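**Student:**
In the numbering used here, the protein residues as written are -4 to 90.
1. Excluding sequence positions up to five away, which residues of its chain have a Cβ less than 7 Å from the Cβ of residue 88?
2. From what residue to what residue does the alpha helix (DSSP H) around residue 20 run?
3. Can you name the start and end residues of the beta strand (DSSP E) that residue 31 belongs to?
4. Taking the C-alpha atoms as reference points, what is the distance between residue 30 and residue 15?
5. Going by beta carbon distance, what residues of the same chain come within less than 7 Å of residue 19, once the five residues before and after it are set aside?
6. Can you tell which of 79, 7, 76 and 32 has the C-alpha that lies nearest to the C-alpha of residue 51?
7. Residue 76 to residue 66, Cα distance in whole Å?
8. Can you give me the C-alpha to C-alpha distance between residue 82 and residue 8, rounded to a whole angstrom?
Here it is as structure tokens:
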């Protein structure tokens, strides 16, 4: 079965959720991977120490690898472009 992984940061993304629901209705397996980006470098609560302490990156990357997706999707806007590029590289080199 074809597997699609949707990876998104920091906030609920209805567009990704609608796409996931539509694909599921068509018999395609999907999974949403949410990165809360707590205390990340972008945002008014940025703090490097707390960002590393509360980081979900290693856990999330491991979950994505274990899911073994055929396609990884991102919904990218200007504010999260650096985040998406970093994640795309991490996932690409880990799969």
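Every residue gets a Cβ at the ideal spot worked out from N, C-alpha and C, and that includes glycine. Since the model is a prediction, treat every value here as computed from it, not as a measurement.
**Tutor:** In short:
1. none
2. 9 to 20
3. Residue 31 -> no beta strand (DSSP E), and no H or E assigned at all.
4. Rounded to the nearest angstrom, the two C-alpha atoms are 17 Å apart.
5. 25
6. 32
7. 19 Å
8. 17 Å
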